[in-house]
Amino acid sequence: MADCVKAASLLKSWDKVLVISHASPDGDTLGSAAALLRGLCSLGKQVKFFCADPVPEKFSYLFEGLALGEFQPEHVMTVDVADKTLLGETPKELVDRIELAIDHHGTHVPFAPERWVDSTAAATVELVFALLEELGAEITPAIADCLYTGLTTDTGCFRYQSVTSRTHRIAAALLERGARGADINRAMFESKTKAQVEAERMTMDTMRFSSGGKCAVIQVPLSIFGATGVKETDLEGLASLPREIEGVVLGVTLKEKENGKVKVSLRANPPGDAAQLCSRFGGGGHKGAAGCTLEMTLEQALQTMEKACGEYLGELGLL
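When we follow my numbering, the leftmost residue of the sequence shown carries the number 50, and every step to the right adds one.
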């Protein structure tokens with residue numbers, strides 16, 4: 050079981066390192082990867098990046114000016130990956146070669162011989178920040194931007210229960226090192242295209258309440274993408290909306306996929322535990338935010354999740 054010192058020791062001895070992010074990448078997995086890649090580059094390492102899905106345009110700045118090599122990797126590692134199933138269409142030969150996993154999910158399923166998992170961290174970038182300091186890498190403004198992006202996106206701009214005093218201390222340190230906090234927060238939380246707003250309006254029109262108003266579900270059918278022109282990555286913020294409604298304990302977002310599956314994003318307010326409920330469907334995540342995938346139609350997924358949420362709320366004594 051690797052910790053910060055062990056992880057740093059491994060990376061000091063490695064070269065030609067491939068860092069892998071999870072599929073459907075978010076700010077934490079991309080910020081962690083980009084920061085680590087930049088830090089390793091500054092130490093003279095050759096680095097490479099892989100993600101099974103394209104990097105969303107709004108995160109492209111994380112990789113600007115980053116010198117990525119073209120080589121056969123000698124070492125492979127992951128950041129912010131709780132389970133190898135979250136690697137999507139990553140080639141099996143790479144998955145089988147993963148040597149080190151750095152992650153902050155309490156539901157982490159071991160898949161690498163060495164791993165550093167700290168579920169008390171609000172985001173994986175908290176671990177990467179400590180790792181870069183242990184490696185002796187300078188936290189440049191570009192690296193600070195990467196780390197701050199992961200921190201703010203995985204904490205809902207520092208609003209979630211996962212946020213600790215350590216989180217705020219790291220954020221302060223990053224701002225002192227040149228992170229463009231205000232610009233990043235605006236880009237992540239306060240900037241939307243007209244198409245995004247229209248797609249959100251259409252999605253909110255699907256909202257249904259059950260379990261006495263303690264469960265709220267919204268649906269994102271495939272037709273929304275054709276009707277508005279948005280991409281799935283443009284709708285990342287949707288999942289938090291149902292939970293913001295007063296009285297809602299479980300907020301569910303159902304996204305229809307082209308492969309006949311439905312992606313479930315679950316958000317929970319106390320005393321709900323999103324990870325616990327999603328684990329019943331082979332998923333996982335955090336207490337406040339988790340996900341899973343259902344192989345069924347959108348309507349079937351709606352019925353399944355409303356039933357599951359009702360049963361779970363009953364177990365909590367809330368019904």
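Even glycine gets a Cβ: it sits at the ideal position worked out from N, Cα and C. Values in this document were obtained by computation on a predicted structure and should not be read as measured data.
- Taking all protein chains in view, the Cβ of Phe120 is surrounded by fewer than 16 other Cβ atoms within 10 Å, so the residue is classified as exposed.
- Per DSSP, reduced to three states, the secondary structure at Ala191 is helical.
- Taken in chain order, the unbroken stretches of alpha helix (DSSP H) that lie wholly in the region 146-215 and span 4 residues or more are 173-184 and 190-203.
- A straight-line Cα-Cα distance of about 10 Å links Leu117 and Lys65.
- Shown here, Gly275 sits in a helix according to DSSP, grouped into three states.
- Contact annotation: Ile273 and Leu290 have beta-carbon atoms that are not nearer than 9 Å.
- Non-local beta-carbon contacts of Gly76 in its own chain, meaning distances under 8 Å to residues more than five positions away in sequence, involve Phe108, Thr198, Gly199, Thr201, Thr202, Asp203 and Met237 in chain order.
- With the rule of 3 Cβ pairs closer than 8 Å, the region 308-318 counts as touching the region 334-349.
- Straight-line measurement puts the Cα of Ile151 at about 21 Å from the Cα of Ser328.
- Within the same chain, and ignoring the five residues on either side of Val144 in sequence, the residues whose Cβ sits closer than 7 Å to its Cβ are Lys133 and Leu136.
- Listed in chain order, the non-local C-beta contacts of Ala172 below 7 Å within the same chain comprise Asp77, His153, Gly199, Leu200, Asp203 and Thr204, local neighbours out to five positions each way being set aside.
- When secondary structure is reduced to three states using DSSP, Val130 falls in the coil class, being assigned neither helix nor strand.
- Spatial neighbours of Gly331 in its own chain (CB-CB distance under 7 Å, excluding positions within 5 residues in sequence) are listed in chain order as Cys341.
- Of the residues assessed, Arg235 falls on the exposed side of the cut-off, its CB having fewer than 16 other CB atoms within 10 angstroms.
- The distance from the Cβ of Val279 to that of Gln245 is about 6 Å, consistent with a contact at the 8 Å cut-off.
- Between the beta-carbon of Val96 and that of Val68 there is about 7 Å, and that keeps the pair under the 8 Å contact cut.
- In the three-state scheme derived from DSSP, where H, G and I count as helix and E and B as strand, Gln352 is classed as helix.
- Straight through space, the alpha carbons of Gly227 and Leu59 are spaced by roughly 28 Å.
- The beta strand (DSSP E) runs of length 3 or more contained entirely in the region 70-131 are, from start to end of the chain, 96-99 and 124-128.
- Following the DSSP letters along the chain, one finds Phe238 inside the alpha helix (DSSP H) bounded by residues Gly230 to Phe238.
- In the assembly as shown, Ile294 is an exposed residue. Its beta-carbon has fewer than 16 other beta-carbons within 10 Å.
- Burial of Thr277 is indicated by the presence of at least 16 other C-beta atoms within 10 angstroms of its C-beta.
- Counting the other Cβ atoms within 10 Å of the Cβ of Asp232 gives fewer than 16, which makes it exposed.
- Boundaries of the beta strand (DSSP E) around Glu305: Leu299 to Glu305.
- In this structure, the beta-carbon distance from Val177 to Leu85 falls below 9 Å.
- Taking Arg257 as the centre and dropping the five residues before and after it, the same chain places the C-beta of Val266 closer than 7 Å to its C-beta, in chain order.
- In the DSSP assignment, Cys341 forms a beta bridge with Val313.
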